[in-house]
Structures are given as C-alpha cells and as structure tokens.
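**Student:** Heads up: the sequence shown begins at 5 in the working numbering, then just goes up one per residue. Structure provided below as structure tokens; questions to follow.
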Amino acid sequence: MAAGGGAAAAPAGWWIRLSDGYTRACARLARLCMMLSVAGMIALLAAVAFQVFGRHVLNDTPTWAESLSLLLVLYVTMMGAAVGVRDGTHIGFESLLLLVPAARRRFLLLLVHALVLAFGLLMAWNCAVLAESVHAYKIPNLGVSEGWKYMPATIAGGLIMIFSVEHIVAVLRDRKVEPSWR
Numbered sequence: 005m006a007a008g009g010g011a012a013a014a015p016a017g018w019w020i021r022l023s024d025g026y027t028r029a030c031a032r033l034a035r036l037c038m039m040l041s042v043a044g045m046i047a048l049l050a051a052v053a054f055q056v057f058g059r060h061v062l063n064d065t066p067t068w069a070e071s072l073s074l075l076l077v078l079y080v081t082m083m084g085a086a087v088g089v090r091d092g093t094h095i096g097f098e099s100l101l102l103l104v105p106a107a108r109r110r111f112l113l114l115l116v117h118a119l120v121l122a123f124g125l126l127m128a129w130n131c132a133v134l135a136e137s138v139h140a141y142k143i144p145n146l147g148v149s150e151g152w153k154y155m156p157a158t159i160a161g162g163l164i165m166i167f168s169v170e171h172i173v174a175v176l177r178d179r180k181v182e183p184s185w186r
C-alpha cells in the first residue's frame, strides 16, 4: 500500500468481478429463456397442428388444444419480452438520448432502466396477486389452475427486474449489455 491505492483497488476489483459474474449469469438466463420459448413455440405448433388434424381429418376437435395453445402463447411471448428487455431489442425512442450531452445521457439511461425495473416489479407483484386470486378456478378443458395464465407475466416481471439491474450496473460502469445471442 505504498500510495494508498492498494486499499481502494481491492474493493473496485471485487465490484468488477461481481458485476461481470452477474452479467454472465444474466446472459445464461436469457439464453435459457429463449430456449424455453423455442420449445414452447414447437409445442404450440404441435398443439395447433393436432387441433387442425382433429377437426379436419378425425372430425373430432380436441377441446384442450385451443386452451393449451393460448396458454403457450402467454409463456412464449412473456419470456421473449423479458429477454428483449435484456438484449435491447424492443422499440425505443433514442432520439432524445442522442441530443443530450453525455452526462445527461447517463442520467437518462439510469432513469429509464430504473423505471423499467419499477415496471417489472409492479408487473410481477400484481400478476402474482392475480394468479393467487384465481388459483382455485380451473381452466376449462385443461383442468389446471387459472393462476397459470398469470404466471408468465409474474415470471417475466421478475426477469425484467433482474435484467434492468444488469443494465443499471452496465451504465454505472460505462458499458453496454451485450445481447445474449451474439
């Protein structure tokens, strides 16, 4: 600790290792979500194909296929939306960010990600409350709780919070979050 820099360097190194590990974990989580979404799309395609086959070939429409398809759409879109938040693939209005000075741009980025974090929190909380309020009711033709309709948004809200924290840390470190599929 000749110049006093040794004591300050250790915490900074710890913070960098922690944030780098968090970013790697978020990238893995995003890839897992997209793999689950792809599996959900395949299951959705199979359910719709079976429904069409049953209706037109067997002349006996499977009643559960439509309910399952609607449920799968919720899971696929919510997981994809959460990963879109992480990877920055949602439509955004960046013209304001391009017009402001760099110091204000950083503040605006932090504000935007903090607001997205708050949105994710409210989404997760309120959808969990909705899921709990209807858990005693069953989805017709599937026999599972109505609460399963609200779980995708609850999970996506949690993921949005996790990914927003990653963006906030990246802004604080003057970095960008790299998309998980590159």
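Heads up, the beta-carbon is just placed ideally off N, CA and C, and yes, glycines get one too.
(1) Output yes or no for whether 8 Å exceeds the beta carbon distance between Cys131 and Ala86.
(2) With a floor of 4 residues, list each alpha helix (DSSP H) that falls wholly inside the segment 60-131, ordered by position along the chain.
(3) Can you give me the C-alpha to C-alpha distance between Lys180 and Ala50, rounded to a whole angstrom?
(4) I'd like the list of long-range same chain contacts for Ala174, defined as Cβ closer than 7 Å, with 5 residues on each side in sequence excluded.
(5) Note down the Cα distance separating Val89 from Pro144, rounded to an integer number of angstroms.
(6) Relative to the C-alpha of Ala160, which candidate in Ser99, Pro66, Leu121 and Ser184 has its C-alpha closest?
(7) Do Ala140 and Met155 have their C-beta atoms within less than 8 Å of each other?
(8) With a threshold of 16 other CB atoms inside 10 Å of the CB of Lys142, please say whether the residue is buried or exposed.
**Tutor:** The relevant details are as follows:
(1) Between Cys131 and Ala86, the C-beta spacing is not below 8 Å.
(2) 67-91 and 99-103
(3) 38 Å
(4) Lys180 and Val181
(5) 33 Å
(6) Per the Cα distances, Leu121.
(7) The answer is no: Cβ separation not under 8 Å.
(8) exposed
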